[in-house]
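Asker: Sharing a structure below in structure tokens format, with a few things to ask.
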Amino acid sequence: MMSYVPDWLQWLSYLLWPLAVISVLLVFGYFFSTIANWIAAPFNGLLAEQLEARLTGATPPDTGVLGS
Numbered sequence: 001m002m003s004y005v006p007d008w009l010q011w012l013s014y015l016l017w018p019l020a021v022i023s024v025l026l027v028f029g030y031f032f033s034t035i036a037n038w039i040a041a042p043f044n045g046l047l048a049e050q051l052e053a054r055l056t057g058a059t060p061p062d063t064g065v066l067g068s
């Protein structure tokens, strides 16, 4: 691909490679955190209840699944 670029623009390869690497890392990080949140989502409520019980000393009321 760089063979099609004129000689006076060859310095762009030093700018484009780090930009491409950073872009790939950002996209990977975005998708990794999205998938990790999907996996952790069912446990977030349980963790919040445990943390509230430890911090306040009082257990939260058991409202069930539907909150009634």
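Per our numbering, numbering of the sequence shown is gapless, rising by one per residue and ending at 68. Just so it is clear, CB atoms sit at the ideal spot from N, CA and C, and this is done for glycine as well. Since the structure is predicted, the reported quantities are computational estimates derived from the model, not experimental observations.
DSSP on ASP7, reduced to helix/strand/coil?
Answerer: Residue numbering aside, residue 7 sits at position 7 when the sequence shown is read from its first letter. Note: ASP7 maps to helix in three-state DSSP.
Asker: Name the two residues that bound the continuous alpha helix (DSSP H) containing ALA58.
Answerer: Position 58 of the sequence shown, counted from the first residue, corresponds to residue 58. No alpha helix (DSSP H) contains ALA58, which DSSP labels as neither H nor E.
Asker: Between the C-alpha atoms of ALA58 and ILE39, what's the straight-line distance to the nearest angstrom?
Answerer: Residue 58 sits at position 58 when you count from the first residue of the sequence shown. Residue 39 sits at position 39 when you count from the first residue of the sequence shown. Distance between the alpha carbons of ALA58 and ILE39: 28 angstroms.
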